[in-house]
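Below is one structure, written out as structure tokens, with a few remarks after it.
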Amino acid sequence: MNIRVIKAQVEPVHVEKENVAPAEPNNGKQQLIQELIAQYNSELETAMNYLAISENLKGMKNEIVREALAADVAVEMGHAKTIAARLHIMGVTVPCSLCFKAEQSYFKKELHDDVVQVIKGVIRAEKGAVARYKKIISLADGLKDWSTVDEMSPILTDEEGHLREFLDFYQEFKTAQSPTVGE
Ligand SMILES: [Fe+2]
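The opening position of the sequence shown corresponds to residue 117 in our numbering, with each subsequent residue numbered one higher.
Have a look at this one:
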């Protein structure tokens, strides 16, 4: 008994070395950050265009579209704020206006009087947002970045709701602008 105790005391303790991979660039995280910054810019641009169109679009029959866009301005800015806060927590500097690059050419002001063109533009913007949030969530999931997954998932739900709303508007307004023969 005593021999066993002594043996146990003198046996060297074997410590497994941690399986640490050599340092290498975290391309997945960099890609996630790039997508978050791109979507941050897109949210700001979307809010800017929805605000302009909600004022520029004329006509009583277009009131429902104007109201929907006006309400979405605050929602899209909220999305931008959530992304900015997430970037800050991840240690990334949130870009300023000098880094901003407009891309939504389908919202040019010449089209703001054509409600069907406006609706088609919103559908395009929302489809782009849905696709990018799915990409962001997929990238974050692959990195086990559960906080980003949790924060971006409700935004994806918002964007899918906007998309459905404007797909329905499209059916309604497209029909209204294309009367059947005999009317
Ligand atoms: Fe958004």
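Beta carbons: idealized from backbone N, C-alpha and C, even for Gly.
Of all alpha-carbon atoms in N142, L160, W262, A184, the one lying nearest the alpha-carbon of S213 is that of L160.
E242 is positioned such that its CB atom lies closer than 8 Å to that of L279. For M268, the enclosing alpha helix (DSSP H) has its first and last residue at 262–293.
Beyond the five residues adjoining it in sequence on each side, I235 comes within less than 7 Å, by CB distance, of V181, F282, F285, Y286, F289 in the same chain, given in chain order. The C-beta of M176 has fewer than 16 other C-beta atoms within 10 Å across all chains shown, which makes the residue exposed. With fewer than 16 other Cβ atoms from the protein chains shown falling within 10 Å of its own Cβ, T291 counts as exposed. With a cut-off of 8 Å on Cβ pairs, the stretch 215–233 is not in contact with the stretch 245–258, counting fewer than three such pairs.
Note on geometry: alpha-carbon atoms of A187 and L173 lie some 15 Å from one another. Each of E275, S158, L148, I271 was checked against the Cα of C215, and the nearest Cα belongs to S158. In this structure, the beta-carbon distance from A245 to E267 does not fall below 8 Å.
Screening all residues for a C-beta within a distance smaller than 7 Å of any heavy atom in ligand 1 leaves E159, T162, V191, E192, H195, A245, I271, D274, E275, in chain order. The three-state reading of DSSP puts C215 in helix, counting H, G and I together. For S170, the enclosing alpha helix (DSSP H) starts and ends at 143–172. Residue state for G207 is assigned as coil, using DSSP reduced to three classes.
Closest option to K217, judged by alpha-carbon separation, among L148, T273, T162: T162.
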